[in-house]
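Chemist:
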Amino acid sequence: MKKQWKSVLGGLSALLLLSCSVVSFGQELRGLKVNDQIDTVKKAIQSKKAQWVAGETSLSKLSPEEQQARVGYNFELPNIPPLSRSKLVTRAPLPESVDWRKKGVVARIKDQGQCGSCWAFAMTGGLESYVMRAQDKERKVELSEQVMVSCSGAGSCNGGRLNANFLKTTGLPSSDYYPYSASDGDCGEAKDGWQDASYKIDSWGSISANLGDMKSALAQYGPLPTALLVYEDLM
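This is the structure we're talking about:
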């Protein structure tokens, strides 16, 4: 039996957080050792009085080609329907802070491997959170990113789009039906019956990069699938 949740998937088509001036700064990092790169970034953060912390990550020691392989969002914007204003109620006042992890409705951290499938992880993670919220139970849900990659038509390991049409028409099953393989795969490799075991959404829409809209959607609907334009100093 298919499980359909009357939730709105607020897909933010593209959130550009960094200014163009960061592009040239990112280019200055090329050729430096990892520790030197981090020191350079830390000095820039300090000089700009920015509010984030730089340090070594699992991506730091990857080659530029390996890092690029993991960056897979297509910023050619699809025809995404805007979220109806009637479904985006401005709460007054908004909560001072929102951390859905503390409410137990965010799945564990996952590794996409050498596959540009970040778009699929974003959409799958968003659906996981909505399912956990709708169930109102402290039970973790892990859905199949591989089905999103191999069956949705929204993208591949070479990148994709934040488009939730597949989540509405077909949905995603548990990861047991098609475990993640960090490859394009073939939809026919999924276990029989996955469509009948899939979780679906009733409707969805995009929100603008307006801070108030994002805060309202985050508080009202939960985690938002979001795309970031990433420069080298964030890798």
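Counting in numbering that gives the first Met the number 0, the sequence shown runs from 0 upward without gaps. Glycine included, each C-beta is placed from N, C-alpha and C at the ideal position. Quick caveat, the model's predicted, so the values are computed rather than measured.
1. Quick one: grab the DSSP three-state call for residue 25.
2. Enumerate in chain order the residues of its own chain whose CB-to-CB distance from residue 193 is below 8 Å, with the five nearest sequence positions on each side excluded.
3. Quick one, which of 48, 44, 164, 83 has its alpha-carbon nearest residue 54's?
4. Thinking just about the alpha-carbon of each residue, which of 160, 104, 201, 151 is nearest to the one in residue 141?
5. According to DSSP, is residue 184 helix, strand or coil?
6. Look up residue 223 in the DSSP assignment and say whether it is helix, strand or coil.
7. So who's on the other strand from residue 96, going by DSSP bridges?
8. Is residue 108 helix, strand or coil when you go by DSSP?
9. Residue range of the alpha helix (DSSP H) that residue 35 falls in?
10. Enumerated in chain order, which unbroken segments of the alpha helix (DSSP H) with a length of 4 residues or greater are wholly contained in the region 100–178?
11. Out of 219, 81, 169, 162, which one is the CA nearest neighbour of residue 122?
Modeler: Reading from the atomic positions:
1. For residue 25, the predicted structure reports a pLDDT of 49, less than 50, and the residue's modelled location is therefore unreliable. The matter cannot be settled from this model.
2. 143, 146, 172, 176, 177
3. 44
4. 104
5. coil
6. coil
7. According to DSSP, residue 96 bridges with nothing at all.
8. coil
9. 33–47
10. 117–134, 144–150, 164–168
11. 162
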